[in-house]
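Colleague: Mind looking over this structure? Questions follow.
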Amino acid sequence: MAKKKSDDVEPTAPAAANPRGILRAPVEVLYAEELEQLIKTDTHARPPGWRMSPRAVATYISGGKAGTMTITPKYIGFRRLVEIAISTLVTDRSLLLLGEPGTAKSWLSEHLAAAINGDSTKVVQGTAGTTEEQIRYTWNYAMLIAHGPSPEAMIKSPIFRAMESGSLARFEEITRCAAEVQDALISLLSEKRISVPELLTEVPAAKGFSIIATANTRDRGVNDMSAALKRRFNMVILPTPATLETEVDIVRKRVQELGTNLELKAAPPAEEAVTQIVTIFRELRAGQTLDGKNKLKVPSGVLSTAEAISVLANGMALAGHFGTGEVTAHDLAAGLQGAVVKDEEKDKVVWQEYLSNVLKKRGADWRPLFTACSEHNS
Amino acid sequence: MSAAGIHIFGVRHLSPGGAWHLRATLDAIRPKVVLIEGLTDADVLIPDLTRSGTKPPVAILAYTDAVPVRTLIYPLATYSPEYQALVWAKQNRARAEFIDLPSDIFLGLQDVELERFIREREKAATTAEPPTPAWRPEPERSIYERIAERCGESDYDSYWERRFEHNQSPDSYRAAAYALGEALRDETDTPVWRAENLVREAFMRRRIREVLDGGVKPEHVVVVVGAFHAPVLGPELPAMTDAELATLRRRSSKLTLMPYSYFKLSSQSGYGAGNRAPAYFEQVWEQMSAGKLDELPHRYLSEVVRQLRAAGTHRSTAEVIEGVRLARTLAALNDGAAPTLADLQDAAVTLVGHGDRSTVALALQHVNVGTAIGTLPKGVVRTSIQEDFDRLMSRLKLEKYQKTVAEELTLDLRENRHVKTQEAAFLDLNRSTFFHRLRVLGVDFAKPLSSGQQAATWAERWKVQWSPEGEIALVEAVLLGETVELATAFRFKQLLEAATGIDAASDIVRDACLCELAKSMDMARAKLQELAAQSSDLKAIAHAASRLSLVTRYGDVRKFDPSPLLPLIDELFVQGALALHAAAACDNQAAKVLVVAIDELNRISLEHHERVDGELWIERLRKLSDADDRNPLLSGYACAVLLERGLMATEDLAREVSRRLSPGIPADLGAGWFEGLSMRNRGALLARQPLWQELAGYVQSLDDDQFKRAIVFLRRAFGGFAPHQKRQICENLAEHWGVDADAAKEALANPLTEVEEQTLTDLNEFNFDDI
Chain A
1 MAKKKSDDVE PTAPAAANPR GILRAPVEVL YAEELEQLIK TDTHARPPGW RMSPRAVATY
61 ISGGKAGTMT ITPKYIGFRR LVEIAISTLV TDRSLLLLGE PGTAKSWLSE HLAAAINGDS
121 TKVVQGTAGT TEEQIRYTWN YAMLIAHGPS PEAMIKSPIF RAMESGSLAR FEEITRCAAE
181 VQDALISLLS EKRISVPELL TEVPAAKGFS IIATANTRDR GVNDMSAALK RRFNMVILPT
241 PATLETEVDI VRKRVQELGT NLELKAAPPA EEAVTQIVTI FRELRAGQTL DGKNKLKVPS
301 GVLSTAEAIS VLANGMALAG HFGTGEVTAH DLAAGLQGAV VKDEEKDKVV WQEYLSNVLK
361 KRGADWRPLF TACSEHNS
Chain B
379 MSAAGIHIFG VRHLSPGGAW HLRATLDAIR PKVVLIEGLT DADVLIPDLT RSGTKPPVAI
439 LAYTDAVPVR TLIYPLATYS PEYQALVWAK QNRARAEFID LPSDIFLGLQ DVELERFIRE
499 REKAATTAEP PTPAWRPEPE RSIYERIAER CGESDYDSYW ERRFEHNQSP DSYRAAAYAL
559 GEALRDETDT PVWRAENLVR EAFMRRRIRE VLDGGVKPEH VVVVVGAFHA PVLGPELPAM
619 TDAELATLRR RSSKLTLMPY SYFKLSSQSG YGAGNRAPAY FEQVWEQMSA GKLDELPHRY
679 LSEVVRQLRA AGTHRSTAEV IEGVRLARTL AALNDGAAPT LADLQDAAVT LVGHGDRSTV
739 ALALQHVNVG TAIGTLPKGV VRTSIQEDFD RLMSRLKLEK YQKTVAEELT LDLRENRHVK
799 TQEAAFLDLN RSTFFHRLRV LGVDFAKPLS SGQQAATWAE RWKVQWSPEG EIALVEAVLL
859 GETVELATAF RFKQLLEAAT GIDAASDIVR DACLCELAKS MDMARAKLQE LAAQSSDLKA
919 IAHAASRLSL VTRYGDVRKF DPSPLLPLID ELFVQGALAL HAAAACDNQA AKVLVVAIDE
979 LNRISLEHHE RVDGELWIER LRKLSDADDR NPLLSGYACA VLLERGLMAT EDLAREVSRR
1039 LSPGIPADLG AGWFEGLSMR NRGALLARQP LWQELAGYVQ SLDDDQFKRA IVFLRRAFGG
1099 FAPHQKRQIC ENLAEHWGVD ADAAKEALAN PLTEVEEQTL TDLNEFNFDD I
């Protein structure tokens, strides 16, 4: 969970102050002011159970104006995808956000829940150990044994509570769960009610109930979702940052933060080094050069934005502890080698081809990095 | 809006909503004269356009009848407001006329514009894209995009569809288009377009006035023009005078109709009309005419799902239902009454494609664009490509070959220095280019015959024969482009899109070079690069590299610059070199193929030694030559290449031979290696005594069983040697074994006895794989 979060690409820091003593407050607290303003100025119709109209939600996520207040964009770039996601929730369908690691899936789902319900905390974290009870309900066994089944002895899952209150529940990393656990969702989503045989009752979902699930495309094939479950979700694939500039900004900001947090004794890498690393990542990820003129082979690793960040942070650590304190091409080359070459045989050739056919021809600015990488790869 | 009584109806070309509203308006007004924005001299084609045998999409084609060829295409679909206006006029016996500039002035303007462009480019000396000759009568989209952005839409097409196509309240379209036209005129625009529009509008006013002067009452006239022109056609603005008209440049031109296709319609960029999805808009038109526009989302998404199912991907009806709901919600989010094409597509991706665009891309393409091709009655068509063909035939002095009797023609592509004009000096080269273009187009006129290898780059033999099928193919080729050159270029584009293998792509590079189409060659090069980058197939990569290397050699004769190909050769070479080691782990069957590949790459490293990464190649060869875990034949061959290039000393060779042929190494491995070694530069091998010494020692060290195995490989290795080389080998070996050289030679020269033959056959059939 901790790692997952740090992978996410989260833009600009919240405007409101973080309550003291909490490492990370929920977004509805951090952005309370913006949400309030949006609700105040909202003129469009609200779907049942929503705190604001779909259009206001879109403004909250993609940025814009609410009266005189400027709303900061939370998810940058793909406004249309945000519209599709919101429309999905309007039509009482469930939403599945798919994407490579580090494409801000959880971030988007958290903000959607915060804007629509003002509550992003009804979360089930999918893991290999998630059980069906965590999706439905379980019991306070002491009370169960003492008094038998009763509503008081029942411990409701976040999804159960969301159904009762007609709000959104979030399901993180749904494909990490075993198939039988995933299947428990099917009846919830199609019949929109949950039965409690122990109490001889059924709880219907109130209007406004829906689920936002996230899943990692790299996990495909681990616990693939069944066709029946897939059919109950609208799927939206979140892409990697659209432009070099956006990604460079994200990476630079994160590397600086990491450097401070981990007390790395090196200066943050130069602008140019960041651009170069991000360029290499983007090119290998896309399988073509940025100018689109050359196609490339794609290595087997993920090459997410998060990995670019770790290559640079790694370079800083090397430079701080073993080098001059300034990040050189050599400090980066070691990390790059590790990030790109995951499968020794194949990736090595891919990397070598990229070095000889692309980097070598990029001129003097790239020469040190090319030389260092070639040495590492031989 | 009516100015001084005449009714002016602003439309967007290829707008089904416009067609629908226009017909309603025409039915209400019942005019006697319908004036339409279109080439004024194309009036003569109107009867053919509305004839019963004509089925849109068709296009009016104007072209100059002399070089340089300029063309103008004016496509019409069933749902074009202009086409419906023509049909209405015919049904209601009204007069229909075109009122835009005549084609000769339009083409003249194009000339002026091109000249200006060239001047500007020379001045700026930048490498801007040259304009495509297929010139469009609509300005760039930027001002439209600005309008769309102001209304909060991501693109002009969505803006237009939401606000114009879906609005069915009476007269809304005309009023809105008029207002849009006025707003557009307030935008700043490229001066050139503005100027040209002013000329056209002045001419249209002139034509309207002519009609009115002819005694038609203004209220009996409906004028159908682009929304942009609608606000300025009234009598308050001056019409073009005779003197002004006379100053405009003209190019002598011809007009014809040609069948058009939806594919072509959708692939024309820069035409500011709703044409990126012709089949979809036809659906809109049909649903609208039937009064069932509400059903469009269902139909659209069902059709997408049907396409997917036909291709083997099952999707349920439930997904269509959810898709329609999502599309409607998306539309509502943007204040729309009904989903636009963008909404429908996004819904299809989300629900039917499960979020993945590539799953539905093909189906969407089919439903959006479709495959419709228009038809025209016989005898109506005389296309520009036929004219172009005839012109080229006379220029290249080929008319005498245009007959049904086959004739052979030998071309010498080199410059003929005995003639005076440039044209005559390269006559044969131009002929060859022309023939190659026709060949690529599939116009059956000239067939290439193989010519002698020696003259390969400068001589060609062709069998020339004209046939009716060729004529038909030529007419059909007009769908690809208006001249032979343009059509060939477009054909290359199609071929490239279909190409999936490196081989096919490298063939296209060669063909594009033969056709002297630099741009196509460039595209082919990019495609080849793309395909090659994703492949590790050494054989295909080496083959492509060697093919390109060959193409660069045409450069001199064919007068084109091969330099863009060189970097790709470098790149392929690096890829080949890197793939070598992994590919060399293969069986003997595959090794034979790789030997050719190694040979090709080696030749490139020598031919282009100043460019390619020769060091890398040598390093890779050495690695292969030293490797014990790769195919021994290939290791031996790599060793031979190094030897030939003088990169291996005799001592090293002797050591390697001794290592490879040491006792205990399985005979097939040792002999296989030797076979590879002996595949090249045999003369040099014969001269190296240490080699033979080692071989002699090796053979002696073998026991009977091993000898039997080794003999198969050794026999094969020596089988290819010439008799005198074999004699030399005998002498070499005899010396080491102390046998009488002459006797040995004699024994060798004798034919094999039956027993020996049988033994060898048995050995050949012996399955060594079991060992």
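Quick mapping for you: the protein sequence lines, in order, are chains A and B. With this note's numbering, the residue at position 352 of the first sequence is 352, and numbering never jumps. With this note's numbering, the residue at position 498 of the second sequence is 876, and numbering never jumps. Note that CB positions come from ideal geometry on N, CA and C, so glycine has one too.
Measure the alpha-carbon distance for Pro-755(B) versus Arg-429(B) and round it to whole angstroms.
Modeller: 8 Å
Colleague: Give the single residue among Glu-110(A), Arg-193(A), Arg-218(A) whose Cα lies nearest to the Cα of Ala-172(A).
Modeller: Just to set this straight, residue 172(A) is Glu in the shown sequence, not Ala. If we check each option's Cα against that of Glu-172(A), Glu-110(A) comes out closest.
Colleague: At a cut of 8 Å, does the segment 580–597 of chain B reach the segment 434–447 of chain B through at least three beta carbon pairs?
Modeller: no
Colleague: With a cut-off of 8 Å on the beta carbons, I'd call Leu-674(B) and Gln-661(B) a contact; round off their distance for me.
Modeller: About 6 Å separates the Cβ atoms of Leu-674(B) and Gln-661(B), confirming a contact at the 8 Å cut-off.
Colleague: Assuming Gln-907(B) contacts Lys-295(A) (C-beta within less than 8 Å), just tell me the rounded distance between them.
Modeller: 6 Å
Colleague: Are the segment 206–226 of chain A and the segment 95–109 of chain A in contact at 8 Å, needing three or more beta carbon pairs?
Modeller: yes
Colleague: So the alpha helix (DSSP H) Asp-881(B) belongs to, where does it begin and stop?
Modeller: Note, Asp-881(B): alpha helix (DSSP H), 880–892.
Colleague: Note down the Cα distance separating Ala-113(A) from Arg-989(B), rounded to an integer number of angstroms.
Modeller: 59 Å
Colleague: For the candidate residues Lys-433(B), Ser-458(B), Leu-427(B), Pro-435(B), whose alpha-carbon lies nearest to that of Leu-400(B)?
Modeller: Ser-458(B)
Colleague: Given that Pro-239(A) touches chain B, what residues does it touch there, using C-beta distances under 8 Å?
Modeller: Neighbours of Pro-239(A) on chain B: none; closest Cβ ~10 Å, over 8 Å.
Colleague: Beta carbon of Val-298(A), beta carbon of Leu-244(A): below 9 Å?
Modeller: No, these two residues do not count as a Cβ contact at 9 Å.
Colleague: On a CA-only basis, which of Leu-562(B), Glu-543(B), Gly-604(B), Gly-879(B) is nearest Met-582(B)? Give me that one, please.
Modeller: Gly-604(B)
Colleague: Can you list, in chain order, the residues of its chain with a C-beta nearer than 8 Å to that of Ala-750(B)? Leave out the 5 residues immediately preceding and following it.
Modeller: Here the set comprises Pro-435, Ser-639, Tyr-640, Pro-656, Ala-657, Glu-660.
Colleague: Quick check: the segment 960–976 of chain B against the segment 913–925 of chain B, are at least 3 beta-carbon pairs closer than 8 Å?
Modeller: yes
Colleague: On a Cα-Cα basis, can you pick out the residue from Glu-785(B), Val-862(B), Val-577(B) that is closest to Gly-820(B)?
Modeller: Checked all of Glu-785(B), Val-862(B), Val-577(B); the closest Cα to Gly-820(B) is Val-862(B).
Colleague: When DSSP builds the beta bridges, which residues end up paired with Asp-478(B)?
Modeller: Leu-417(B)
Colleague: Residues of the segment 719–739 of chain B with a CB closer than 7 Å to any CB of chain A: list them in chain order, please.
Modeller: Asp-724, Thr-728, Leu-729, His-732, Gly-733, Asp-734
Colleague: Can you check whether the CB of Val-236(A) is closer than 9 Å to the CB of Thr-728(B)?
Modeller: yes
Colleague: Against chain B, does Asn-216(A) count as a neighbour if the rule is that its beta carbon must be under 9 Å from one of theirs?
Modeller: Taking 9 Å as the CB threshold, Asn-216(A) stays off the interface with chain B.
Colleague: Quick check on Leu-576(B): buried or exposed, where buried means 16 or more other Cβ atoms within 10 Å of its Cβ?
Modeller: exposed
Colleague: Given 8 Å as the limit, is there contact between the segment 933–945 of chain B and the segment 314–323 of chain A, that is, 3 or more CB pairs closer than that?
Modeller: The segment 933–945 of chain B vs the segment 314–323 of chain A: no contact.
Colleague: Please list the segments of the alpha helix (DSSP H) lying wholly inside the segment 1051–1115 of chain B, counting only runs of 4 or more residues, in order along the chain.
Modeller: As for any alpha helix (DSSP H) of minimum length 4 sitting wholly inside the segment 1051–1115 of chain B, the runs are 1060–1065, 1067–1079, 1082–1097, 1101–1115, ordered along the chain.
Colleague: Kindly indicate which three-state DSSP category Lys-207(A) falls into: helix, strand or coil?
Modeller: In the structure shown, Lys-207(A) falls within a coil segment according to DSSP collapsed to helix, strand and coil.
Colleague: Please state the DSSP three-state secondary structure of Lys-293(A).
Modeller: In the structure shown, Lys-293(A) falls within a coil segment according to DSSP collapsed to helix, strand and coil.
Colleague: Indicate the three-state DSSP secondary structure (helix, strand or coil) for Lys-825(B) in the structure shown.
Modeller: strand
Colleague: Spatial neighbours of His-1114(B) within its chain, please: CB distance less than 7 Å, with the 5 preceding and 5 following residues excluded, ordered by chain position.
Modeller: Trp-1070, Gln-1071, Ala-1074
Colleague: Following a CB-centred definition, is Gly-431(B) positioned closer than 8 Å to any heavy atom of the ligand GDP?
Modeller: With respect to small molecules bound, the structure shown includes none, and the ligand GDP cannot be examined in it.
Colleague: Identify the continuous beta strand (DSSP E) that holds Pro-637(B) and give its terminal residues.
Modeller: 631–637
Colleague: What is the C-beta distance between Ala-902(B) and Phe-870(B), in whole angstroms, given that I count them as a contact (C-beta under 8 Å)?
Modeller: 7 Å
Colleague: Who pairs with Pro-453(B) in a beta bridge, going by DSSP?
Modeller: Ala-437(B)
Colleague: Thinking C-beta only, is Val-856(B) closer than 9 Å to Gln-764(B)?
Modeller: yes
Colleague: How is Thr-566(B) classed by DSSP in three states: helix, strand or coil?
Modeller: coil
Colleague: Taking Cβ-Cβ distances shorter than 7 Å, what residues in chain A pair up with Thr-707(B)?
Modeller: Within 7 Å Cβ-Cβ: Ser-87, Val-90, Thr-91.
Colleague: Considering just the uninterrupted stretch of the beta strand (DSSP E) at Thr-70(A), what are its terminal residues?
Modeller: 69–71
Colleague: Just the chain B side, please: which residues come within less than 7 Å of Glu-100(A) by C-beta, in chain order?
Modeller: Simply none; closest approach about 13 Å.
Colleague: Looking only at C-alpha atoms, which of Trp-836(B), Glu-539(B), Gln-488(B), Leu-742(B) sits nearest to Leu-679(B)?
Modeller: Leu-742(B)
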